[in-house]
Amino acid sequence: MLEIKNLTKAFNTGTENEATIFKGFNFQINKGECTGILGANGCGKSTLFNIISGVLVQDEGDIILNGENINKLKENERARFIGRVHQDPSMGVSPSLTILENISLSDKKCQRFGLRKLINKNKIEFYREILKTLDLGLENKLDTQVKFLSGGQRQSLSLLMATMNKPQLLLLDEHTAALDPKTSHLIMEKTRELIADNGITTMMISHNVRDAIKYSDRIVMLDKGKVILDVNNANITEKELLNIYNSRNSGLVFQEAV
Ligand SMILES: Nc1ncnc2c1ncn2[C@@H]1O[C@H](COP(=O)(O)OP(=O)(O)O)[C@@H](O)[C@H]1O
Ligand SMILES: [Mg+2]
Numbered sequence: 004m005l006e007i008k009n010l011t012k013a014f015n016t017g018t019e020n021e022a023t024i025f026k027g028f029n030f031q032i033n034k035g036e037c038t039g040i041l042g043a044n045g046c047g048k049s050t051l052f053n054i055i056s057g058v059l060v061q062d063e064g065d066i067i068l069n070g071e072n073i074n075k076l077k078e079n080e081r082a083r084f085i086g087r088v089h090q091d092p093s094m095g096v097s098p099s100l101t102i103l104e105n106i107s108l109s110d111k112k113c114q115r116f117g118l119r120k121l122i123n124k125n126k127i128e129f130y131r132e133i134l135k136t137l138d139l140g141l142e143n144k145l146d147t148q149v150k151f152l153s154g155g156q157r158q159s160l161s162l163l164m165a166t167m168n169k170p171q172l173l174l175l176d177e178h179t180a181a182l183d184p185k186t187s188h189l190i191m192e193k194t195r196e197l198i199a200d201n202g203i204t205t206m207m208i209s210h211n212v213r214d215a216i217k218y219s220d221r222i223v224m225l226d227k228g229k230v231i232l233d234v235n236n237a238n239i240t241e242k243e244l245l246n247i248y249n250s251r252n253s254g255l256v257f258q259e260a261v
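Residue 4 is where the sequence shown starts when you use our numbering, and the numbers rise one by one after that.
Right, here's the structure in full:
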């Protein structure tokens, strides 16, 4: 359902800092699956998400979603059918806006023809209902500015906003990495529930091997712009995956890159 064809991307081209992140990279994501993406720091995972979501433009190659080439669509146009949650809890939300304003904004960006007013009063009850499913009491804090929420509450809200309009593709970029283990577990469980309830095709970057195995259907490991492992999660143990991951995350990778 997502096809990446012949992708090439370099940064600082023509300078001494030139770095080729992808060169002729091909990849496919299957509909309805959650694909866990692992790989050493700096190997290009977030760059891949930035290209898929239209934040960065590739040098060459095609991004095809459900048979449609989306190369020419801008980030805001892609946001109508691609949801994203970042690692940093302050990135997916606007801290100075209220919970209601944040949800309304996110809802609105998915509509082709926006209403003149930000808040659609007819939808407030619906927002309350979906907030209730988070079990955090946020449905009673609609007028609270998001800056007063904890990191876990913000990530829950980001996740809800990214999935509320049932995106064709959900991109999770280490979305629990900034949270304590207990909150991280809660968010992962909520993630699983939202993905399953809505049948959302998901790519989940994780640095946590255990979470990747537990919550993904397929595990992909990237290294230097290439897929070095691509397995069904049932066909690999945590120990095996950790061994491969650690061998690629060793100092060698970074020595070569410097
Ligand atoms: N906008 C950018 N400009 C220049 N270099 C970048 C930019 N974004 C990422 N990079 C570089 O590309 C490499 C891959 O980064 P990134 O995709 O963020 O890695 P990962 O998410 O796998 O840790 C890094 O060396 C990073 O410094
Ligand atoms: Mg990253």
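All C-beta atoms, glycine included, are put in the ideal place defined by N, C-alpha and C. The structure displayed is predicted, hence computed values, not measured ones.
- Counted as a single uninterrupted DSSP element, the stretch harbouring V212 is not any beta strand (DSSP E) but the alpha helix (DSSP H) occupying residues 212-218.
- Where M164 is concerned, the enclosing alpha helix (DSSP H) starts and stops at 154-166.
- For D176, the enclosing beta strand (DSSP E) starts and ends at 172-176.
- Assignment of E132 by DSSP, reduced to helix, strand and coil, places it in the helix class.
- Unbroken alpha helix (DSSP H) runs of no fewer than 4 residues, entirely contained in the region 32-109, are found at 48-55, 78-81, following chain order.
- The straight-line gap separating the alpha-carbon atoms of L108 and I198 is approximately 21 angstroms.
- 9 angstroms or more divides the Cβ of L225 from the Cβ of G64.
- G95 sits close to Q158, with the two beta carbons spaced by under 9 angstroms.
- G39 and N79 have their C-alpha atoms spaced approximately 25 angstroms apart.
- In the DSSP annotation of this structure, the continuous segment of the beta strand (DSSP E) that includes M206 starts and ends at 204-208.
- Taking the C-beta atoms as reference points, S99 is found nearer than 9 angstroms to K150.
- Comparing C-alpha distances from V223 to each of K217, R213, V234, D214 shows the shortest one belongs to V234.
- At a cut-off of 8 angstroms, the beta-carbon of D214 does not count as near ligand 2: no heavy atom of the ligand is closer than that.
- Within the chosen limit of 8 angstroms, ligand 1 reaches the beta carbon of L225 through at least one heavy atom.
- When the five nearest sequence neighbours on each side are left out, the beta carbons in the same chain lying within less than 7 angstroms of the beta carbon of G57 are those of L76, K77, E78, R81, in order along the chain.
- L10 and Q156 have their C-alpha atoms spaced approximately 36 angstroms apart.
- Separation of N53 and D176 (C-alpha to C-alpha, rounded to the nearest whole angstrom) is 10 angstroms.
- Counting C-beta atoms within 10 angstroms of its own C-beta, A165 has 16 or more neighbours from the protein chains shown and is therefore classed as buried.
- Looking at the DSSP output, T11 shares a beta bridge with E63.
- Residue nearest to I127 within the set H178, N143, T186, T18 is N143 (criterion: CA-CA distance).
- Within the same chain, Cβ atoms closer than 8 angstroms to the Cβ of I122 are found at L103, E104, S107, the five residues on either side in sequence being excluded.
- Beta-bridge analysis with DSSP links F151 to no other residue.
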